[in-house]
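Residue numbers (my numbering): 1031 to 1271.
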């Protein structure tokens, strides 16, 4: 199964301290976010990554060419990188074998292999996409920016997804497992003038096709602000395997 990593955006929220480098090349605990994602993949048996780049793609490509990794990395360029993230997933379509399941990860979300394997091993028998769901809502670092979810705990089906939900019981941790047919949902979303993953997921929600996978005690952090980077460095014990 391939993991699609979305690394095309500008990273404007953290640009004040990123020193002009892409978010995926920011260092946390003496390794780049990309290195950490690769180590996660190696730990759970994922041998193929599709890395979707856009803004500052040359820097990412140069970094990969100068380093050796024990994993296959396919580079795909998203020329519409300034549009929301669903376009980056669509850019990876030709890299995914037709009919095969695949996974999606944000490039700036820090998590460990225990979380990755929970999503990877989830079943898609009754859903088209499963999203990692964090029910520890009181512990979310930046709740205002979090993608909030309402999930039926018995059926594990998501009934609502939005950053604007006032009442919710979980938060999207930025890791997905998808059937190949999700690409057709993304294409439908794009034809309607909507471009984000959440727009496509809301189409799934209307048909009860989006599942929520409880990540239990696994931890993660969206590192897209200086405050988030400072937080993870000050709370190293929470995030080290």
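Backbone N, C-alpha and C define an ideal beta-carbon position, used for all residues, glycine too.
message = Please identify the residue among 1100, 1194 and 1035 whose C-alpha is closest to the C-alpha of residue 1118.
response = Comparing Cα-Cα distances from residue 1118 to each of 1100, 1194 and 1035, the minimum goes to 1035.
query = Going by the beta-carbon positions, is the gap between residue 1149 and residue 1156 smaller than 9 Å?
reply = Contact: no.
task = Pull up the distance between the alpha-carbon of residue 1226 and that of residue 1137, whole angstroms please.
result = Roughly 15 Å between the two C-alpha positions.
inquiry  = Do residue 1256 and residue 1054 have their beta-carbon atoms positioned less than 9 Å apart in this structure?
reply    = In this structure, the beta-carbon distance from residue 1054 to residue 1256 does not fall below 9 Å.
ask   = Which one or two residues does DSSP pair with residue 1242 in a beta bridge?
value = Partner(s): 1161.
query = Using DSSP with H/G/I as helix, E/B as strand and the rest coil, what is residue 1272?
reply = This structure gives no information on residue 1272, because the portion of the chain shown stretches from 1031 to 1271.
inquiry  = Can you give me the C-alpha to C-alpha distance between residue 1204 and residue 1176, rounded to a whole angstrom?
reply    = Using only the alpha carbons, I get a separation of about 10 Å.
inquiry  = Here's a check: name, in chain order, each residue in its chain whose Cβ is nearer than 8 Å to the Cβ of residue 1108, leaving out the five neighbours to either side.
reply    = 1038, 1082, 1083, 1084, 1117, 1118 and 1121, listed in sequence order.
message = On the CB-based measure, 16 or more other CB atoms within 10 Å of its CB, does residue 1216 come out buried or exposed?
response = So residue 1216 ends up on the buried side.
ask   = In whole angstroms, what is the alpha-carbon distance linking residue 1220 and residue 1133?
value = Looking at the backbone, the Cα of residue 1220 and that of residue 1133 are separated by about 20 Å.
ask   = residue 1062 by DSSP, collapsed to three states: which one?
value = Residue 1062 falls in the strand class under three-state DSSP.
key: Local conformation of residue 1116 per DSSP, three classes   = If DSSP states are grouped into helix, strand and coil, residue 1116 belongs with the helices.
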